[in-house]
Structure formats: structure tokens, C-alpha cells
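In the working numbering, the protein residues as written are 28 to 316.
The beta-carbon is built from N, C-alpha and C at its ideal position, and this holds for glycine as well.
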Ligand code: HXC
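Right, dumping it as C-alpha cells:
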């Protein structure tokens, strides 16, 4: 879909880049020539991913273990990167989440998610953005959100609340930082199964039907998400800013309509319904004489 050297000369940081969606996006950036920085809490997976990307794609890959909840550590980490030269792109991918009835959450459980997603994503964005502004350097920020930012979602309330906040940040900073040549967008992926997310969001390993209906009849293919993340990071769509783009096979749109559940009806069910509706119409007509 893209030229091999599309991102050559760009230096991109992917938070949570050692595993899951972060690793997938980082791989695609590396494949297209970018120099990469990845961070996360587990040094062993960061090292493994860095070694793999370096040897597969022949690009520079740097890593550092970092918990984005620790604001001072975040700022120090970003300063060390900028000491070597400015970044060009930031992907806010690191997140935490688990399903739980909200009444059973402790406040500490809420904080664990909100501190990562809401606070940590802001710390990272702020630390990178202020340096871009100071250096008058063009930049691109992509945050990984979910479609719950528009609909809310039961059983993942701390995540839905925090990611909605980052959706507001995306819109607000696109407007505030447009004049500095910084574009700020977000991606709202539907189900793209990864080990970390699925262990916490689908612990029994139910099939995808438990995740709600998906009009395309399948979960996402990683390459589809990678292509969108690369498109948004590349030059050529600078006028596209302040947007959160869903890539979910139209899944969330089916939740919004009163009749979305009708998707499950068979042809026979519809035939039966048509007959029932017709018979009720006929009765009305007869009563009208
Ligand atoms: C209820 C829970 C819980 C659970 C943790 N807690 N898991 N409460 N149900 N399943 C509570 C704990 O009891 C504790 O509160 C508090 O949360 C902190 O827990 P810790 O384990 O000490 O926290 P920590 O080590 O900081 O772990 C953070 C974490 C964890 C977010 C809770 O799950 C984690 O590290 N996850 C890794 C990243 C991750 O989640 N990836 C998946 C992201 S998927 P008390 O009061 O008991 O001490 C995603 C969106 C996917 O973001 C969208 C798909 C469509």
C-alpha cells in the first residue's frame, strides 16, 4: 500500500511498543524506514522487540523501560530522546484495562486505569509537544482510543472515561497546536485481538459474538490497523487533524440504533414477521371497513 521508504528520516516513539498493537504499529513504521523509540514497563519484551525489528528491517530501534504514570520519569525520558534530536511522531498506545462490574471496583482499581490512560497519555503528549513548540519542529500525535469514547461502555468504565478524556485532548490540542504545525489524531480500533487485551477483556476466550455484532462478520486484521497508523503518521495528510477515526467494521454503529439487534434474524424470521405485520395491517383495514 505504501512506498518502502515512506517514513525514512522520521523518528517515532510508540508507548507500549514492546507488545500487542504497539508492537504491530512499531513494526510497520520500521518496515517503512522510520527510526524507532519504544517504551513500556517490561524491559525483557522491549529488548526482544527492539532486537527483532532491528534485524528484520535494518533500522535503529531504541528502548527504555518506563511507566507512563510517573510524570517525572516521562519528562526525563523525552528529554533524553530530544538530546539526540527531535522526535517526529508520537503514538500514545500504552494503556491498561480489565472488565469488572463498576460496583466491585476499588478506588485503587479505578486509579490504576485512569493513571495510565488519562494521566500518563497527557504527560507523554505534553512532554513531547512542548519540546516541538520550543524547537518549532513539526510533529504528529496519534492516540489509540476505542469507540467507547462516543458511546460509553458498561464494565470498562475507568477506561471509557479516561479514553473519552483523551478524545477531548485530541480535539482540543488539534485546535491549540495547529499553529505550531502539530497534528493530533486518534484511532479507535474495534476488536483486533491481542494477547494482553484479550486476557483482560475476554478472559473466557468466548468467540467474537460476545463482543457484539460486527457487520463485516470478522475481527480486524492487523495490517488494516497498521495501514491506518502509517497513513496518519506520514506526510501528505497534514490537513487531517483533530479526528478520532474508528476502524471497527462498523461495529459501534450497530449499537446506536434501536433495531440493530434485528441483524440476528434469519430469512424465516423475517418471513414470519412480514406475515404478522401484514395480518395486523389487514385487520386494521377490515375495521376501517
Ligand atoms: C477488579 C482489579 C482487577 C480486576 C486489578 N484490579 N485487576 N479489580 N478486577 N480484574 C485492582 C486491584 O485489585 C488493585 O486494587 C488495583 O486494581 C491495582 O492493581 P495492580 O495489579 O496492583 O495494578 P498494576 O500492577 O498497576 O496493574 C495495572 C492494571 C493491569 C491496569 C490493573 O491490568 C495491567 O498492568 N495491565 C497491562 C496492560 C493492559 O491492561 N493491557 C490491555 C489493554 S486493553 P486494590 O484496591 O485491590 O488494591 C485496552 C483496550 C482494548 O486498553 C479495547 C478492545 C476493543
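Query, Result
"Enclosing alpha helix (DSSP H) for residue 158 [first to last residue]", "148–162"
"In DSSP terms, what residue 42 is bridged to", "66"
"Residue 233 CB to nearest heavy atom of ligand 1 below 7 Å", "no"
"Collapsed DSSP secondary structure at residue 332 in the structure displayed", "Look at the range of the chain in this structure, 28 to 316, and you will see that residue 332 is not part of it."
"Residue 264 versus residue 103: straight-line alpha-carbon distance, rounded", "31 Å"
"C-beta atoms of residue 168 and residue 209 nearer than 8 Å", "yes"
"Bridge partner(s) assigned by DSSP for residue 108", "Answer is none; residue 108 lacks a bridge partner."
"Alpha helix (DSSP H) segment containing residue 134, residue limits", "134–141"
"Whether residue 219 touches residue 252 by CB criterion (8 Å)", "yes"
"Within the region 216–257, ranges of the alpha helix (DSSP H) (whole runs, at least 4 residues)", "222–228"
"Cβ-based neighbour list, residue 128, same chain, cut-off 8 Å, excluding 5 preceding and 5 following", "182"
"Straight-line gap, residue 293 to residue 48 (C-alpha atoms, nearest Å)", "35 Å"
"Residue 93: CB within 7 Å of a non-hydrogen atom of ligand 1", "no"
"Residue 180 classed as buried or exposed, judged by whether at least 16 other C-beta atoms fall within 10 angstroms", "buried"
"Neighbourhood of residue 101 by C-beta, 8 Å cutoff - its chain only, sequence neighbours within 5 removed", "93, 95, 147, 150, 151 and 154"
"Per DSSP, the bridge partner or partners of residue 207", "Paired residues: none, contrary to the question."
"Cβ-heavy atom distance, residue 227 to ligand 1, below 7 Å", "yes"
"Residue 260 to residue 42 span [Cα, whole Å]", "15 Å"
"Chain-order list of residues whose beta-carbon lies under 7 Å from that of residue 50 (same chain, five-residue window excluded)", "44 and 76"
"Cβ separation of residue 166 and residue 114, assumed to be a contact under 8 Å, to the nearest whole Å", "7 Å"
"Near ligand 1: residue 132 beta-carbon under 7 Å from a heavy atom", "yes"
"Option nearest residue 174 by Cα separation, candidates 164, 162, 257 and 188", "188"
"Test: residue 271 CB closer than 8 Å to a CB of chain B", "Absence of chain B from the displayed structure is noted, only one protein chain being present."
"For residue 273, the first and last residue of its enclosing beta strand (DSSP E)", "271–274"
"Cβ-Cβ separation, residue 176 to residue 191 (assumed contact under 8 Å), whole Å", "5 Å"
"Alpha-carbon to alpha-carbon, residue 266 and residue 280", "26 Å"
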